[in-house]
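*Asks:* Before I ask anything, here is the structure I am working with.
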Amino acid sequence: MIFTPEQRARYEAAAHAMQSGVASDQDSAPQRDNHKHLRVGINSAMVETSAIAQLLMVKGICTADEYVEALIAAMEAEALRYQQMLSERYGVAITLR
37 MIFTPEQRAR YEAAAHAMQS GVASDQDSAP QRDNHKHLRV GINSAMVETS AIAQLLMVKG
97 ICTADEYVEA LIAAMEAEAL RYQQMLSERY GVAITLR
């Protein structure tokens, strides 16, 4: 998949913000996840998402650029979800970057 420089910057910014949100959430919650099972789940989700995207592109249902834009929008939404959750939890406006 080919990202334009602007798309890559947007995706990386959103991914970093989401990662910051996850870290903040984990820091304030008791350890409840087994890291091996978490990693297996993440890898499985990545493989499944990749397979679906490839199938949609091969069948001509979407282009690689449409997929990249959808991927960026979903990552930005996930970062916003963490930002809102943490803002509510701490009672102050949190901005994740």
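Note that the numbering used here gives residue 87 to position 51 of the sequence shown, counting from 1, and the numbers run on in steps of one.
For each residue, glycine too, the CB sits at the ideal point set by N, CA and C.
Could you name the residues of the same chain whose beta carbon sits closer than 7 Å to that of isoleucine 108, not counting the 5 residues immediately before and after it, in chain order?
*Replies:* The residues are Gln43, Arg46, Tyr47, Ala50.
*Asks:* Is the distance from the Cβ of tyrosine 118 to the Cβ of glycine 57 below 7 Å?
*Replies:* yes
*Asks:* In whole angstroms, what separates the C-alpha of threonine 99 from that of isoleucine 88?
*Replies:* 13 Å
*Asks:* In whole angstroms, what separates the C-alpha of glutamate 102 from that of lysine 95?
*Replies:* 14 Å
*Asks:* Going along the chain, which unbroken runs of the alpha helix (DSSP H) with 4 or more residues stay wholly within the segment 96-123?
*Replies:* none
*Asks:* Give the range of the alpha helix (DSSP H) segment to which glycine 57 is assigned.
*Replies:* 41-63
*Asks:* In whole angstroms, give me the CA-to-CA distance for tyrosine 126 and serine 64.
*Replies:* 11 Å
*Asks:* Would alanine 115 and serine 123 be called neighbours here (beta carbons separated by less than 7 Å)?
*Replies:* Contact: no.
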